[in-house]
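Visitor: Sequences listed follow chains A and B, in order.
72 is the number of the first residue of the first sequence in our numbering; add one for each residue after it.
886 is the number of the first residue of the second sequence in our numbering; add one for each residue after it.
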Amino acid sequence: MADHDRSTIDWEAIERSPEFQELVHRRRAFVIPCTVFFLSWYLGFILLCAYAPDFMGESVYQGLTVGYCLALTQFLMVFVLGLWYLSKADKEFDPLAERAIAAHSDDAPQPGTRRAQEVRS
Amino acid sequence: MTVLAAINVEAVVIFAIVLSITLGVTYWASKRMTGASTFYAAGRQITGLQNGLAISGDYLSAASFLGIAGLIFLYGFDGFLYSIGFLVAFLTVMFLLAERMRNAGKYTIADVLSFRLRERPARTAAALGTLAVAAFYLIAQMVGAGVLIQALVGIDFSIAVALTGAFMLCYVIFGGMLATTWVQIIKAVLLMAGILVMSIFVLETVGFNPIALFDDAEANTTAESTFSLAPGAFLSSPIDTVSLGLALVLGTAGLPHILMRFFTVPNARAARSSVVWAMFFIGGFYLLTTFIGFGARSVMGEAGVEAAGTGGNLAAPNLALELGGGAGTFGGDLFLAVIAGVAFATILAVVAGLVLSASGAVAHDIWSSIIRKGRDSEKEEVVVAKIAAASIGVIAILIAVIGGEGLNVSFMVGLAFAIAASANFPALVLALTWRRFNTVGAVCGVVLGVVSAILLIVVSPKVWPGADSDTGSPIGWTLANPGIVSIPLGFLGCILGTLLSTERANERSFHELYVRSETGLGAEKALH
Chain A
72 MADHDRSTID WEAIERSPEF QELVHRRRAF VIPCTVFFLS WYLGFILLCA
122 YAPDFMGESV YQGLTVGYCL ALTQFLMVFV LGLWYLSKAD KEFDPLAERA
172 IAAHSDDAPQ PGTRRAQEVR S
Chain B
886 MTVLAAINVE AVVIFAIVLS ITLGVTYWAS KRMTGASTFY AAGRQITGLQ
936 NGLAISGDYL SAASFLGIAG LIFLYGFDGF LYSIGFLVAF LTVMFLLAER
986 MRNAGKYTIA DVLSFRLRER PARTAAALGT LAVAAFYLIA QMVGAGVLIQ
1036 ALVGIDFSIA VALTGAFMLC YVIFGGMLAT TWVQIIKAVL LMAGILVMSI
1086 FVLETVGFNP IALFDDAEAN TTAESTFSLA PGAFLSSPID TVSLGLALVL
1136 GTAGLPHILM RFFTVPNARA ARSSVVWAMF FIGGFYLLTT FIGFGARSVM
1186 GEAGVEAAGT GGNLAAPNLA LELGGGAGTF GGDLFLAVIA GVAFATILAV
1236 VAGLVLSASG AVAHDIWSSI IRKGRDSEKE EVVVAKIAAA SIGVIAILIA
1286 VIGGEGLNVS FMVGLAFAIA ASANFPALVL ALTWRRFNTV GAVCGVVLGV
1336 VSAILLIVVS PKVWPGADSD TGSPIGWTLA NPGIVSIPLG FLGCILGTLL
1386 STERANERSF HELYVRSETG LGAEKALH
């Protein structure tokens, strides 16, 4: 990518561009539900620890408690969401971001980028 | 130098090894110092995997290692609750801030705020948030370092604090972010290796059956024991538990020394992968910590409580001593010395990161942008940053030495997380996502967040353990963790300040910040 001079970039035009709008919408469609989910699952766990300690202390198998099992699901959630976002961003968000930049930066217009977008969607 | 009689020779040798490796790295880094970008951001050439390790090294303090293992040893499940909050927090960092910080920022979190807001007030507010968090966290770590080194090696508290401070300043001043990064990477590897070996030793005592470890731990309690496999043994007030949980999950995303790490990678993609690497290292570490905590309970039982000291901080080193063959044996002393060396490296890496972020707030934000209005040279800024680092370091050493062992470490760490979650986090997230957000909102939010977190901690029962009322607090405030009140107040300050002021947001620079943070167009480049 060429070195862009901040002052010559038409930021508003990029923001209005369909590529950028699609990037933002797709990223939001992934990040917002994920954030709501992880915060709810985490706060649900904390609320159970705070208000239902007896339930959390119940044994699932010998010394393994409900609380410890639910704690392990928090670890699992972090690992799964982390890897999922990573692959989603590599495959989907990064190419969209590149197209948004390429189509509207001060570089020579890159043929094919818009068409590629239309064909794909 | 006053040296106590019971100096631990093995520990001194291991400390010397840790110090010589890190000083070697600092020397190597000092040869590669070229300017502000190297000093604050290691030339933005750190890879995703390296940064993931460095984030782990920056984040996992002695409180995470010895503190959580100790809490699990003393109280069981509640210690684990902290680990969960500390880990899940990285989802907040990943989804909301990591890539955007990399794309929009340069050296400090104030860069992101001042991008679209009026520079002087926005930078001042952000520098206030950064310095408040870094100061409390730094003093807590220094006091912790002094207490631990005194107990583990037998060096006097004040000397231990001064030594820790001197090495921390050495890394930062001569090697900047490049040396700090590698000190953090080395520490992360040592810490992971140490805890892995220790966990294997622990699991070996129960035939590699973790569930038997829980059973043994519970069987090793007496009537007066505080240990429980159920929550509530340590965090007995439900609303306080929720408040703590909130501060942990949002506070990490406002810690300046963690956010600063995202400026050291070449692009948003590396920032993203570094968070996921960090999740696996930190997650794996916290899982193993439970084996150490429950293992300490199962091996040492109630008899080990007194030797574990305040907060159970010495439970893990004592466990190492037992696993190595017991006190007086070569194996026991060696294992104890190794764990002490790991704890020492842990503290050094965290304090170096903290001093670096604080020096950025002073030199880059206050000196270069506010006092000199950007007319200073890059060379001058780096010199000022080094002077700032030295001053901050010396002040922290003095406060830690004068305050002594009596300073309440957990209260200061709690305060640092509360300020980060209530002041830095709301302002950053709103600056990056809310079109209408303006300077008045940012200043109101940061000030309200910092002030409410500090005030609520000052009146909390932890600080007033007197018996003249039920809670000890002079105004009858019962909450020990202010997050549940101060985080909404921080957001409220940002929102009300924005809506009630007549200032018009600078729409043009929001377009630029928005596009830049989402796509990386115009982001700071790596040095080549």
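Ideal Cβ placement from N, Cα and C applies to all residues, glycine included.
Note that the structure is a prediction, hence the values are computed from the model and not measured.
Considering only the beta carbon of each residue, do Arg1401/B and Asn988/B sit closer than 8 Å?
Guide: Looking up residue 1401/B in the second sequence gives position 516. Looking up residue 988/B in the second sequence gives position 103. Yes, the Cβ-Cβ distance between Arg1401/B and Asn988/B is below 8 Å.
Visitor: Assuming the contact rule is C-beta atoms closer than 8 Å, Thr1066/B and Arg929/B should be a hit. Round their C-beta distance to whole Å, please.
Guide: For the purposes of this step, residue 1066/B is identified with residue 181 of the second sequence, where counting begins at 1. For the purposes of this step, residue 929/B is identified with residue 44 of the second sequence, where counting begins at 1. So it is not a contact: roughly 11 Å between Cβ atoms.
Visitor: Compare the C-beta of Glu163/A against all C-beta atoms of chain B and say whether one is closer than 8 Å.
Guide: Start at 1 with the first residue of the first sequence, and residue 163/A comes out as number 92. Chain B contact via Cβ: absent.
Visitor: Comparing C-alpha positions only, which one of Phe1179/B, Leu1173/B and Asn893/B sits nearest to Leu1114/B?
Guide: For the purposes of this step, residue 1114/B is identified with residue 229 of the second sequence, where counting begins at 1. Of Phe1179/B, Leu1173/B and Asn893/B, the residue nearest in Cα terms is Phe1179/B.
Visitor: Give a yes or no on whether the C-beta atoms belonging to Ala874/B and Leu1140/B are separated by under 8 Å.
Guide: Within the shown structure, residues of chain B are numbered from 886 to 1413, placing residue 874/B beyond reach of any answer.
Visitor: Contact check, Ala1281/B vs Leu1023/B under 8 Å by CB: the rounded distance?
Guide: For the purposes of this step, residue 1281/B is identified with residue 396 of the second sequence, where counting begins at 1. For the purposes of this step, residue 1023/B is identified with residue 138 of the second sequence, where counting begins at 1. Confirmed, Cβ separation roughly 5 Å.
Visitor: Between Gly1014/B and Val1335/B, how many whole angstroms is the CB-CB distance? I'm expecting something under 8 Å.
Guide: Taking the first residue of the second sequence as 1, we reach residue 1014/B at position 129. Taking the first residue of the second sequence as 1, we reach residue 1335/B at position 450. Indeed they touch by this definition, with Cβ atoms about 6 Å apart.
Visitor: Hey, is the stretch 925-940 of chain B in contact with the stretch 111-126 of chain A, meaning 3+ C-beta pairs nearer than 8 Å?
Guide: no
Visitor: Roughly how many angstroms lie between the CA atoms of Phe1059/B and Ile103/A, to the nearest whole one?
Guide: As a first step, residue 1059/B is located in the second sequence; it is residue number 174 there, counting from the start. As a first step, residue 103/A is located in the first sequence; it is residue number 32 there, counting from the start. One C-alpha to the other measures close to 43 Å.
Visitor: Mind checking the stretch 121-137 of chain A against chain B and listing, in chain order, the residues whose C-beta falls within less than 7 Å of any C-beta there?
Guide: Listed in sequence order: Ala121, Tyr122, Pro124, Asp125, Met127, Gly128, Tyr132, Gln133, Gly134, Leu135 and Thr136.
Visitor: Can a CB atom of chain B be found closer than 8 Å to the CB of Gln145/A?
Guide: Position 74 of the first sequence, counted from the first residue, corresponds to residue 145/A. Closer than 8 Å: yes.
Visitor: For the stretch 76-93 of chain A, enumerate the residues whose C-beta is nearer than 7 Å to any C-beta of chain B, in chain order.
Guide: Arg77, Ile80, Trp82, Glu83, Ile85, Glu86 and Phe91
Visitor: If the criterion is Cβ atoms closer than 8 Å, does the pair Leu152/A and Leu976/B meet it?
Guide: As a position in the first sequence, residue 152/A is number 81, starting the count at 1. As a position in the second sequence, residue 976/B is number 91, starting the count at 1. Against a cut-off of 8 Å, the Cβ pair of Leu976/B and Leu152/A comes out as a contact.
Visitor: Between Cys105/A and chain B, is any beta-carbon pair separated by less than 8 Å?
Guide: For the purposes of this step, residue 105/A is taken as the residue at position 34 of the first sequence. It does; some Cβ of chain B falls within 8 Å.
Visitor: Give the residues of chain A in contact with Arg1157/B, contact being defined as C-beta atoms less than 7 Å apart.
Guide: On the second sequence, residue 1157/B is found 272 positions in, with the first residue counted as 1. Ordered by position in chain A, the residues that pass the 7 Å Cβ test against Arg1157/B are Leu157 and Ala160.
Visitor: Could you name the residues of the same chain whose beta carbon sits closer than 7 Å to that of Ser1110/B, not counting the 5 residues immediately before and after it, in chain order?
Guide: Residue numbering aside, residue 1110/B sits at position 225 when the second sequence is read from its first letter. Excluding sequence neighbours, Ser1110/B sits near Glu1187.
Visitor: Indicate whether at least one CB of chain B lies closer than 8 Å to the CB of Gly153/A.
Guide: For the purposes of this step, residue 153/A is taken as the residue at position 82 of the first sequence. By this cut-off, Gly153/A is an interface position.
Visitor: Using a threshold of 8 Å, state whether the C-beta atoms of Ala1228/B and Phe950/B are closer than that.
Guide: Your numbering for residue 1228/B matches position 343 in the second sequence. Your numbering for residue 950/B matches position 65 in the second sequence. Yes, these two residues count as a Cβ contact at 8 Å.
Visitor: If you run the structure through DSSP and keep just helix, strand and coil, what is Ala1352/B?
Guide: Your numbering for residue 1352/B matches position 467 in the second sequence. Unreliable placement is indicated for Ala1352/B, whose pLDDT of 48 sits below 50; no coordinate value is reported for it.
Visitor: With distances taken Cα to Cα, identify the nearest neighbour of Gly1238/B among Ala1408/B, Pro1006/B and Ile1070/B.
Guide: Within the second sequence, the letter at position 353 stands for residue 1238/B. Comparing Cα positions, the closest option is Ile1070/B.
Visitor: When the cut-off is 8 Å and only beta carbons count, does Tyr1399/B lie next to chain A?
Guide: Within the second sequence, residue 1399/B is the residue found at index 514, counting from 1. Judged by the 8 Å Cβ criterion, Tyr1399/B is in contact with chain A.
Visitor: Decide if Tyr1171/B is buried, meaning its Cβ has at least 16 other Cβ atoms within 10 Å, or exposed.
Guide: Taking the second sequence and counting its residues from 1, one reaches residue 1171/B at position 286. Classification of Tyr1171/B: buried, given that the 10 Å Cβ count is 16 or more.
Visitor: Take Ala1192/B and list the residues in its own chain whose beta-carbon comes closer than 6 Å to its own, dropping the five residues that flank it on each side.
Guide: Within the second sequence, the letter at position 307 stands for residue 1192/B. Around Ala1192/B: Asn1203.
Visitor: Which parts of the stretch 1216-1289 of chain B are runs of the beta strand (DSSP E), unbroken and 3 residues or longer, counting only runs that do not cross its ends?
Guide: Counting whole runs of 3 or more residues, the stretch 1216-1289 of chain B contains no beta strand (DSSP E) stretch at all.
Visitor: Helix, strand or coil for Val1134/B, going by three-state DSSP, please let me know.
Guide: Within the second sequence, residue 1134/B is the residue found at index 249, counting from 1. In this structure, Val1134/B counts as helix in the three-state DSSP scheme.
Visitor: Under the three-state reduction of DSSP, which class applies to Tyr992/B: helix, strand or coil?
Guide: Here residue 992/B refers to the residue found at position 107 of the second sequence. Tyr992/B: coil per DSSP, three-state reduction.
Visitor: Quick one: any contact between the stretch 980-999 of chain B and the stretch 1244-1254 of chain B, if contact means 3 or more CB pairs under 8 Å?
Guide: In short, these stretches touch, since the Cβ pair count reaches three.
Visitor: State the DSSP-derived secondary structure class of Ile1040/B, mapped to helix, strand or coil.
Guide: As a working note, residue 1040/B is residue 155 in the second sequence. Reduced to three states, the DSSP call for Ile1040/B is strand.
Visitor: Are Val1038/B and Val898/B closer than 8 Å when you measure CB to CB?
Guide: Taking the first residue of the second sequence as 1, we reach residue 1038/B at position 153. Taking the first residue of the second sequence as 1, we reach residue 898/B at position 13. No.
Visitor: Return no unless some Cβ of chain A is closer than 8 Å to the Cβ of Ser1435/B.
Guide: The structure shown does not extend to residue 1435/B, since chain B is modelled only from 886 to 1413, so the question has no answer here.
Visitor: Against chain A, with Cβ distances strictly below 8 Å, would Val1091/B count as a contact?
Guide: As a working mapping, residue 1091/B is identified with position 206 in the second sequence. Chain A contact via Cβ: absent.
Visitor: Rounded to a whole number of angstroms, what is the C-alpha to C-alpha distance between Asp1100/B and Gln133/A?
Guide: As a first step, residue 1100/B is located in the second sequence; it is residue number 215 there, counting from the start. As a first step, residue 133/A is located in the first sequence; it is residue number 62 there, counting from the start. Rounded to whole angstroms, Asp1100/B to Gln133/A spans 7 Å at the Cα level.
Visitor: Starting from Val1184/B, trace the alpha helix (DSSP H) both ways and give me its first and last residue.
Guide: As a position in the second sequence, residue 1184/B is number 299, starting the count at 1. Ala1153 to Met1185 is the extent of the alpha helix (DSSP H) around Val1184/B.
Visitor: Taking all protein chains shown into account, do 16 or more other C-beta atoms lie within 10 angstroms of the C-beta of His1142/B, making it buried, or fewer, making it exposed?
Guide: Position 257 of the second sequence, counting from 1, holds the residue named residue 1142/B. Result: buried.
Visitor: If you run the structure through DSSP and keep just helix, strand and coil, what is Leu1114/B?
Guide: In the second sequence, residue 1114/B corresponds to position 229, counting from 1. Three-state DSSP puts Leu1114/B in coil, outside helix and strand.
Visitor: With a threshold of 8 Å, are at least 3 pairs of Cβ atoms found where one atom belongs to the stretch 1197-1217 of chain B and the other to the stretch 952-959 of chain B?
Guide: yes
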